[in-house]
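As structure tokens, the structure follows; a few thoughts come after it.
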Amino acid sequence: FLPHLVASMEQVEETYIMVKPDAVQRGLVGEIISRFEKKGFKLTGLKLFECPKELAEEHYKDLKSKSFFPKLIDYITSGPVVCMAWEGVGVVASARKLIGSTDPLQADPGTIRGDLAVQTGRNVVHGSDSPENGKREIALWFKEGELCQWTPAQAPWLRE
Ligand code: IDP
Ligand code: MG
């Protein structure tokens with residue numbers, strides 16, 4: 076009986092987390108990654124990446140009609156981002172809680188945006204809003220062979 080295998084029988088989700096260009100420029104990459112790492116989720120993909128305009132537009136296609144869309148695309152393509160795939164039971168909603176509200180001034184202290192940002196247009200991090208979008212976004216940002224399937228040594232100490 077291997078306790079960590081029980082997790083794989085539950086609803087294991089994937090989420091796409093991205094450190095946005097402002098956070099890369101501000102030296103917050105390690106700080107942001109560590110929030111998810113310390114929580115106990117599993118990192119399955121990680122890269123520093125300069126996002127082409129077309130990819131940014133596809134990623135944010137649901138916001139195309141918004142007045143801020145052109146500025147959003149400029150923002151996301153203004154410098155390197157850190158692309159991450161994270162896996163775990165309940166990871167999608169939990170990551171959104173760790174990230175905090177879209178407007179950093181409304182985000183609770185203790186959340187990434189609550190602690191590290193002051194404006195919606197510079198809100199330092201992205202997280203998928205549903206398990207379906209998690210899968211969609213990971214497929215969009217990562218190529219096959221860029222993701223790792225592995226079992227962290229700490230797995231039995233995170234889930235009974
Ligand atoms: P989310 O990132 O919290 O899921 P969304 O509503 O999905 O928020 O918006 C995506 C991103 O678009 C936000 O994180 C933010 O960078 C940007 N954005 C959203 N609303 C505004 C706005 O009113 N002004 C400027 N940028 C915005
Ligand atoms: Mg969103």
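For what it's worth, UniProt numbering labels the leading residue of the sequence shown as 76, then goes sequentially. A virtual CB, placed ideally from N, CA and C, is assigned to each residue, including glycine.
Candidates the options: closest to residue i by CA position
i           : options            : result
residue 194 : 205, 161, 175, 208 : 175
residue 213 : 87, 91, 85         : 91
residue 104 : 207, 201, 178, 208 : 201
residue 107 : 133, 145, 189, 137 : 189
residue 134 : 234, 209, 87       : 209
residue 230 : 178, 146, 112      : 112
residue 137 : 219, 204, 216, 226 : 204
Own chain residues within Cβ distance below 6 Å of residue i, not counting five before or after
i           : result
residue 119 : 160, 162, 222, 223
residue 198 : 179, 188, 192
residue 121 : 159
Residue i CB to nearest heavy atom of the ligand MG below 6 Å
i           : result
residue 178 : no
residue 97  : no
residue 204 : yes
Three-state secondary structure assigned by DSSP to residue i
i           : result
residue 195 : helix
residue 220 : coil
residue 212 : helix
residue 189 : helix
residue 202 : strand
residue 112 : helix
Residues near residue i in its chain [Cβ-Cβ closer than 7 Å; skip 5 each side]
i           : result
residue 156 : 93, 94, 95, 96, 99, 124, 126
residue 154 : 96, 99, 100
residue 86  : 164
Own chain, CB closer than 8 Å to residue i, minus 5 neighbours either side, in chain order
i           : result
residue 151 : 95, 96, 126, 131, 134, 135
Closer than 6 Å: residue i CB and nearest the ligand IDP heavy atom
i           : result
residue 198 : yes
residue 186 : no
residue 119 : no
residue 147 : yes
Problem - Inside the segment 117-170 only - beta strand (DSSP E) runs reaching at least 3 residues - result: Along the segment 117-170, the beta strand (DSSP E) occurs as fully enclosed runs of 3 or more residues at 117-124, 156-164, listed in sequence order.
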